[in-house]
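Numbering (the UniProt record's numbering), first residue to last: 1 to 190.
The block underneath contains the structure these notes are about, expressed in structure tokens.
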């Protein structure tokens, strides 16, 4: 298997591999383009988001400075908002539902590295996808770690570090994040 095939299969891979690195270079160019477009030029910014991301629903809004590792692994739904200084390290797929807001300074990462210093010297990475449901608000300066699934109608409090799955209809807060309150889903018809 090539290193890119290993990455795509969820296996350990060499992140300095030329093909793997090529994905990052594509993302760097796409982010530079997006970040260079004035915030007041919504049409051009939306076009740049669509070129960078794998897919996007209606009304994607991504404010500067945005960074990612691949771009094509990011899939967002309707009315997506990434506020200032959001980073999505999308070595593996990141699926985000409709009506999601991500606060400033937040990082979503799909990549991890081994505890072994020998393997880190060998540039080993391993990626796990992240899934975020619909109607989610992620507060400022949060961190979402590899392999996490966040349910629908969730608020992640500012500064939280999400290390494990979060169920539907709740507020999660803290380091590591824990459910601190249940929420009603008032989008359902009565």
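We put the beta carbon where it would ideally sit given N, CA and C, even for glycine.
Just so it is clear, the structure is predicted and the values come from calculations on it, not from any experiment.
Per DSSP, which one or two residues make a beta bridge with residue i?
i, result
"residue 81", "61, 101"
"residue 112", "126"
"residue 143", "107, 161"
"residue 173", "178"
"residue 89", "109"
"residue 138", "102, 156"
"residue 131", "95, 149"
Applying the criterion that 16 or more other CB atoms from any shown protein chain within 10 Å of the CB defines a buried residue, is residue i buried or exposed?
i, result
"residue 7", "buried"
"residue 58", "exposed"
"residue 165", "exposed"
"residue 41", "exposed"
"residue 106", "buried"
"residue 121", "exposed"
Within the same chain, show all residues whose beta-carbon is closer than 6 Å to that of residue i, passing over the 5 residues directly before and after it, in chain order.
i, result
"residue 17", "3"
"residue 80", "60, 100"
"residue 9", "none"
"residue 180", "171, 173"
"residue 137", "101, 155"
Three-state secondary structure (DSSP) at residue i?
i, result
"residue 180", "strand"
"residue 11", "coil"
"residue 28", "helix"
"residue 67", "strand"
"residue 94", "strand"
"residue 49", "helix"
"residue 20", "helix"
"residue 190", "At residue 190 the pLDDT is 49, less than 50, meaning the model places this residue with poor confidence; the figure from the coordinates comes in the next sentence. Coil."
Please work out which residues of its chain come closer than 8 Å, Cβ to Cβ, to residue i, disregarding the five sequence neighbours upstream and downstream, and give them in chain order.
i, result
"residue 169", "151, 152, 153, 154, 182, 183, 184, 185"
"residue 190", "In this prediction, residue 190 scores a pLDDT of 49, lower than 50, which makes its location untrustworthy; no coordinate-derived value is stated."
Looking only at its own chain, which residues have a Cβ that is under 7 Å from the Cβ of residue i, when we skip the five neighbours before and after it?
i, result
"residue 66", "31, 34, 35, 82, 86"
"residue 54", "72, 73, 74, 75"
"residue 15", "123, 125"
"residue 49", "34, 56, 60, 62"
For a quick check, are the C-beta atoms of residue i and residue j less than 8 Å apart?
i, j, result
"residue 140", "residue 103", "yes"
"residue 174", "residue 158", "no"
"residue 110", "residue 129", "yes"
"residue 68", "residue 37", "no"
At a cut-off of 7 Å, would you count residue i as near the ligand SAH, judging by its Cβ distance to the nearest heavy atom?
i, result
"residue 119", "The ligand SAH is absent from the structure shown, which contains no ligand whatsoever."
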